[in-house]
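Undergrad:
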Amino acid sequence: MADKSKVQNIVEMGFSKEAATLALETAEGNTERALELLVQKEETDAEEQPKAKVVKSYVCTDTGKVFRTMRDAQLYAERTGNTNFEESDIEVPPLTKEEKAEKVKQLKEKIKQKRTEREAQEKIDEIAREKERRRGGQQVAENREHLAAQKRKLEIEQIKKEKKDQEEHRARLREQIARDKGERAAEKARNSGGDPKAAYDEAYKAYMEKSAPKKQDKKERMDRMIDAMEQLDAGNEAMQTLKKLISN
């Protein structure tokens with residue numbers, strides 16, 4: 001069975017797929033030999049055309065050059081850029097052995113050129129795909145970082161909320177204990193003939209001063225934040241969150 005890539009190379013030269021396949025199979029896969037067979041068959045077919053057929057050649061109206069087949073004219077057009085042709089009844093003599101060899105050489109060069117162009121285009125396409133893949137990967141990384149930042153922000157807000165709730169709870173509890181102590185002191189003063197209000201105020205004030213939260217230094221604040229961060233993910237994200245908390 002003929003190699004598909006070799007068949008395609010010959011088809012790109014203007015031959016039919018069936019003719020290219022048959023020629024390659026006959027030539028046992030040798031592209032140069034297959035081209036020689038195709039050129040020879042083309043010459044033979046041209047010689048065997050009915051005499052009544054009018055079109056015997058094709059003339060380039062730009063240069064006057066005469067071609068035996070339309071394929072020859074197309075190859076000439078690709079090589080020179082001259083694309084204006086017309087049918088002619090001029091009979092072109094069969095190719096000589098040297099001319100056939102030159103034609104095969106031109107076809108081989110054309111195949112090589114098209115292969116080079118195809119490989120160059122494949123490299124360009126591969127580079128474009130790689131750039132697109134990298135852009136996609138970068139976008140995924142940016143999205144991941146954005147989600148991580150949002151998560152850290154929510155974690156910070158949650159810690160701040162819990163801290164505020166705890167402080168408010170302690171403040172309410174402290175206030176309630178201070179009132180209870182004040183009421184007990186006032187009751188004791190009434191029973192002993194003293195001033196209930198003064199006793200209440202004194203006991204209330206004494207407890208509030210005694211239970212007032214101590215101002216934390218930087219190290220204590222750091223320790224507290226580290227304890228809070230133990231509940232979060234470990235690693236760089238946690239440390240970044242900790243720094244944000246400390247800076248607030």
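For the sequence shown, position 34 (counting from the first letter as 1) is numbered 34 according to full-length UniProt numbering, and the numbering increases by one without interruption.
By construction, the Cβ of each residue, glycine as well, lies at the ideal position given by its N, Cα and C atoms.
(1) Between which two residues does the alpha helix (DSSP H) containing Ser192 stretch?
(2) Are the beta-carbon atoms of Lys41 and Ala23 separated by less than 9 Å?
(3) Tell me which same chain residues have a C-beta within less than 6 Å of the C-beta of Lys51, skipping the five on either side of it?
(4) Of the choices Lys160, Asp89, Leu38 and Ser16, whose alpha-carbon is the least far from that of Asn55?
(5) By the 10 Å Cβ neighbour count, where 16 or more other Cβ atoms means buried, how is residue 284 classified, buried or exposed?
(6) Would you identify the three-state DSSP class for Glu87, choosing helix, strand or coil?
(7) Roughly how many whole angstroms lie between the Cα atoms of Asn82 and Tyr58?
(8) Specify whether the region 203–215 and the region 164–177 touch according to this definition: at least 3 beta carbon pairs, one from each stretch, less than 8 Å apart.
(9) Between which residues of its own chain and Ala234 is the CB-CB distance below 8 Å, once the five residues before and five after are set aside?
(10) Rounded to a whole number of angstroms, what is the C-alpha to C-alpha distance between Glu87 and Ala77?
TA: According to the structure data:
(1) Unbroken alpha helix (DSSP H) run through Ser192: Lys97 to Ser192.
(2) yes
(3) Per-residue confidence for Lys51 stands at a pLDDT of 49, beneath the threshold of 50, marking its modelled position as unreliable; no derived number is given.
(4) As written in the sequence, residue 55 is Val, which differs from the Asn given in the question. Checked all of Lys160, Asp89, Leu38 and Ser16; the closest Cα to Val55 is Asp89.
(5) With the chain covering 1 to 248 only, the question about residue 284 has no answer from this structure.
(6) strand
(7) 13 Å
(8) When C-beta atoms of the region 203–215 are compared with those of the region 164–177, three or more pairs fall below 8 Å, so the two segments count as touching.
(9) For Ala234, the predicted model reports a pLDDT of 49, less than 50, meaning its position is unreliable and no value from the coordinates is stated.
(10) 15 Å
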